[in-house]
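Structure, as structure tokens:
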């Protein structure tokens with residue numbers, strides 16, 4: 003960990019300058035959707051495994067084949083990364099060129115904000131070690147369960163070489179329990195992208211490699227998301243067109259390093275930033 007922390011601090015210190023030197027102003031750079039998936043991997047049998055289906059759709063779909071995403075994994079969840087199936091899927095995600103990141107390293111979807119400092123440090127170190135063991139590379143990104151963090155949580159992430167990525171758009175698919183449909187996929191994404199457009203138009207979003215990353219959150223353990231991901235991809239392009247937001251020629255990331263650069267540039271650097279959290283979580287935590 004002593005090596006990882008200086009690397010993270012170096013990245014945090016140079017990213018703004020790198021953007022200023024090489025990136026176009028955000029308001030003229032087209033957007034590119036940066037897909038992220040929380041809570042996986044699924045430990046279900048292959049014929050009903052939602053993570054397997056998500057990986058298949060990212061590879062082959064009606065919009066852009068070969069899409070790469072960030073997977074925020076639960077490395078020790080009793081129905082996910084804590085199983086042989088889950089661990090094999092984490093390795094598969096990495097081998098396919100996706101960015102494997104940390105969500106939790108507990109048996110359940112535990113809230114980092116409710117942990118004491120020693121307990122949080124212990125679980126973060128477990129998660130980093132788990133992913134290093136599975137992929138050969140320590141993670142550089144983390145997303146807090148329930149979007150719950152504070153200054154102390156963020157400091158703990160940085161101590162473990164982790165940068166925190168939140169989101170611009172949220173599919174709200176983590177809230178579907180036992181209900182395998184969604185009435186408002188398009189309306190929800192349209193409303194959130196309209197809010198994001200205000201920041202993009204004002205030049206408040208960074209551009210990286212000539213495009214503006216727009217972070218989108220799904221849950222790969224949701225069977226509805228897995229079976230409708232192709233539709234979600236088309237909806238993202240449709241609502242961008244409706245809002246007259248220019249989209250890059252490749253609307254989604256398809257290369258690991260470019261994806262990771264864009265994700266790191268979009269992370270929260272300081273607890274003083276107070277970015278808006280999705281839905282009711284903003285009221286609850288902010």
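Residue numbers (my numbering): 3 to 288. Here a beta-carbon is modelled for each residue, glycine too, at the ideal position from N, C-alpha and C.
With 16 or more neighbouring CB atoms inside 10 Å of its own CB, residue 95 falls in the buried class. DSSP, reduced to helix, strand and coil, places residue 65 outside both helices and strands of the structure shown, so it counts as coil. Looking from the CA of residue 133, the closest CA among 151, 88, 50 belongs to 88. Residue 245 sits exposed, since fewer than 16 C-beta atoms from the chains shown fall within 10 Å of its C-beta. In this chain, residue 119 is not harboured by any beta strand (DSSP E); it is covered by the alpha helix (DSSP H) spanning 119-137. Judged by pairs of C-beta atoms under 8 Å, the segment 67-79 touches the segment 94-109, as three or more such pairs exist.
Per DSSP, the unbroken alpha helix (DSSP H) holding residue 187 starts and ends at 187-203. Counting C-beta pairs closer than 8 Å gives fewer than three between the segment 233-241 and the segment 49-58, which falls short of the contact rule. The DSSP-derived three-state label of residue 54 is helix. Per DSSP, residue 34 is one residue of the beta strand (DSSP E) stretching across 33-40. In this structure, residue 113 places its C-beta atom within 8 Å of the C-beta atom of residue 147. Judged by pairs of C-beta atoms under 8 Å, the segment 146-164 touches the segment 261-275, as three or more such pairs exist. The Cβ-Cβ distance between residue 164 and residue 143 falls below 8 Å. Your pair residue 222 and residue 116 does not check out as a contact, with CB atoms roughly 25 Å apart and the cut at 8 Å. Between residue 139 and residue 38, the gap from beta carbon to beta carbon reaches 8 Å or more. Per DSSP, residue 238 is one residue of the alpha helix (DSSP H) stretching across 225-244. When 152, 119, 189 are compared, the shortest CA-CA separation from residue 241 is found for 189.
In the structure shown, the three-state DSSP call for residue 268 is coil. A Cβ-Cβ contact shorter than 8 Å links residue 218 with residue 171. According to the DSSP assignment, residue 106 belongs to the beta strand (DSSP E) that extends over 101-106.
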